[in-house]
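Going by numbering that gives the first Met the number 0, 47 is the number at position 48 of the sequence shown; the sequence numbering is gapless.
Inspection log for the structure reproduced underneath, given as structure tokens.
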Amino acid sequence: MSNLHEECGVFGIWDPEGHCAETTYYGLVSLQHRGQEGCGIAVNLNREITHYKDVGLVNEVFNEEILQRLPGNMAVGHVRYSTAGGSLRENVQPLVLRYIKGTLAIAHNGNIVNTLGLKKSLERNGAIFQTTADTEIIAYLIARERVNTGSIEESVKNVMKMLKGAFSLLVMSPQKLIAARDPWGFRPLCMGKRDNAYIFASESCAFDSIDAEYIRDIEPGEIVVVENGRIKEDKELTGKNTSLCIFEHIYFSRPDSYIDGQGVHEARKAAGALLAKQSKTEADIVIGVPDSGLSAAAGYAEYSGIPYETGFIKNKYIGRTFIKPQQSSREIAVKMKLNTLKSVISGKRVIMVDDSIVRGTTCARIVNLLRSAGAKEVHVKISCPPFMWPCYFGTDIPSRKELIANNHTIEEIGHIINADSLDYLSIENLHKIAPYSNLKFCDACFTGNYPIDVSDAETSK
Ligand code: SF4
């Protein structure tokens with residue numbers, strides 16, 4: 000039950016039947032796990048782009064009346080969790096920009112590393128920014144390029160060459176819907192179809208909810224353009240040095256999604272099985288910490304032969320209305336979110352599978368919940384290696400001094416979280432969890448091996 004967040008989820012559709020705002024609404028609800036701070040939808044009707052966005056969950060921001068005020072046969076939508084730029088209302092996306100060639104709407108997932116240098120040089124030439132999000136820099140660059148190039152997709156391509164870092168982008172111009180993914184493929188982006196409609200989404204689970212069919216992933220570096228129902232693909236910037244965020248498989252993405260050929264549930268199960276293979280532990284039951292620990296726990300149980308059990312019940316209805324308690328009563332916060340099934344836990348030697356440990360405080364509270372429920376032993380298995388380094392590509396991993404694994408040995412962490420034993424997935428096994436993936440992986444937060452130079456980003460931290 001990691002407290003880590005990712006920056007965003009994006010959704011876009013071209014549909015001659017219209018109702019694009021409604022379809023985008025359902026798509027965004029399916030992507031809500033990728034960002035809960037704000038959301039928005041921009042629609043295009045006869046080359047006119049209008050939009051609505053606000054802070055809040057998708058079903059808080061939108062209702063039927065608002066959606067009916069957004070007619071169009073093209074749309075882009077966005078759910079946001081803020082890392083770069085903070086959680087200001089004006090940073091909610093899509094960003095809609097009016098310039099000499101018309102209007103552009105942009106939805107972005109990821110984090111750009113060379114923001115500072117780009118922003119400074121734009122400001123020196125008179126640019127004024129209204130938000131603190133790096134997406135505005137991308138939007139500004141695309142608009143500037145468009146003035147001197149023949150098409151919007153050419154401008155997007157030129158800008159992609161300037162950017163370093165993670166970006167899965169959806170751009171809507173008066174006539175076109177464009178999907179583009181950074182050449183490293185840090186964040187996922189895929190394409191689907193429903194009748195004559197073309198759809199793009201951060202994760203394939205968004206297609207299931209709207210009865211669309213998953214077609215394929217956008218390749219790292221690829222640009223796909225939809226215009227009048229025709230698809231154009233540009234693969235000039237695609238390369239072999241891919242680095243999909245491996246934490247998408249461990250934690251971020253929904254288990255019912257497929258990313259670049261690999262099922263997320265299957266990758267988590269594989270992580271659990273590899274943990275079981277890594278070291279043998281005698282126990283009576285295996286339980287997973289909801290949500291992302293569940294698939295890994297199933298994999299652990301299957302490989303080890305130790306029975307899988309439901310150990311926790313998660314309260315799904317806390318939502319944003321939940322008042323966060325004071326430091327002194329943080330235990331209540333965990334209990335509100337997660338309760339133990341005492342009849343299952345009491346008197347048992349428990350293997351508890353979770354996705355990650357960041358600062359260690361949440362994990363310690365969960366172990367204590369199991370102890371209070373009468374667990375005889377608690378063995379903690381973590382389905383990724385220890386977090387040691389920050390992420391510059393859209394995950395809000397805290398600074399190094401706050402990461403527990405940076406300051407303590409695994410044995411010490413085991414004592415701190417009050418576990419009888421603690422085991423993390425090894426780096427070597429981490430790279431075995433997604434054998435069907437078409438892409439190579441970024442593992443920098445575990446190894447410090449950043450796939451691209453992050454020295455520009457260092458100065459901005
Ligand atoms: S540093 Fe970690 S969280 Fe960030 S993209 Fe790489 S694997 Fe993902």
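Note that the Cβ used here is the ideal one computed from N, Cα and C, for glycine as well.
At least 3 beta-carbon pairs within less than 8 Å: the stretch 224 to 240 vs the stretch 201 to 212: no
Thr394 Cβ short of 6 Å to ligand 1 heavy atom set: yes
Residue range of the alpha helix (DSSP H) that includes His414: 409 to 415
Bridge partner(s) assigned by DSSP for Ser167: Asn108, Arg180
Where Glu16 falls: helix, strand or coil (DSSP): coil
Beta-carbon proximity list for Pro306, same chain, < 6 Å, skipping 5 on both sides: Ile284
Cβ-heavy atom distance, Ile245 to ligand 1, below 6 Å: yes
Cut-off 6 Å between Cβ atoms - residues of its own chain near Asp233, not counting five sequence neighbours on either side: Ile222
Spatially closest choice to Ser150 from Ala132, Gln174, Met387, by CA coordinates: Gln174
Distance between Gly37 and Arg88 (C-alpha atoms, nearest Å): 8 Å
Glu441: CB within 6 Å of a non-hydrogen atom of ligand 1: According to the sequence as given, residue 441 is Cys; it is not Glu. Cys441 Cβ: within cutoff of ligand 1.
Residue of Leu96, His32, Thr114 minimising C-alpha distance to Tyr80: His32
Element boundaries [beta strand (DSSP E), containing Gly271]: Not the beta strand (DSSP E): Gly271 falls in the alpha helix (DSSP H), residues 263 to 277.
Stretch-stretch touch, CB-based, cutoff 8 Å, three pairs: the stretch 385 to 402 with the stretch 365 to 372: no
Separation of Ser291 from Glu262, as counted between CA atoms: Position check: residue 262 holds Gly in this sequence, whereas Glu was assumed. Whole-angstrom Cα-Cα distance: 13 Å.
Check: Cys383 C-beta below 6 Å from any heavy atom of ligand 1: no
Buried/exposed call for Ile432, threshold 16 Cβ in 10 Å: buried
Reference Ala418, options Arg370, Lys439, Asn406, closest by Cα: Arg370
Cys362 beta carbon near ligand 1 (any heavy atom closer than 6 Å): no
Member of Ile65, Ser167, Gln35 whose CA lies at the smallest distance from the CA of Gly55: Gln35
Pro93 beta carbon less than 7 Å from that of Ile105: yes
Tyr302, DSSP secondary structure in three states: helix
Delimiting residues of the beta strand (DSSP E) encompassing Phe199: 196 to 200
Distance between beta carbons of Asn43 and Ala20, contact taken as under 8 Å: Wrong, their Cβ atoms sit about 10 Å apart, outside the cutoff.
Near ligand 1: Cys390 beta-carbon under 6 Å from a heavy atom: yes
Cβ neighbours of Ala272 in the same chain (closer than 6 Å, five flanking residues each side left out): Gly298, Tyr302
Distance between beta carbons of Val9 and Ser201, contact taken as under 8 Å: 5 Å
4-residue-minimum alpha helix (DSSP H) runs that sit fully inside the stretch 44 to 69, ordered along the chain: 57 to 60, 63 to 67
As assigned by DSSP and simplified to three states, the class of Pro324: Its pLDDT being 49, under 50, Pro324 is placed unreliably in this model, and the value from its coordinates should be taken loosely. Coil, per DSSP.
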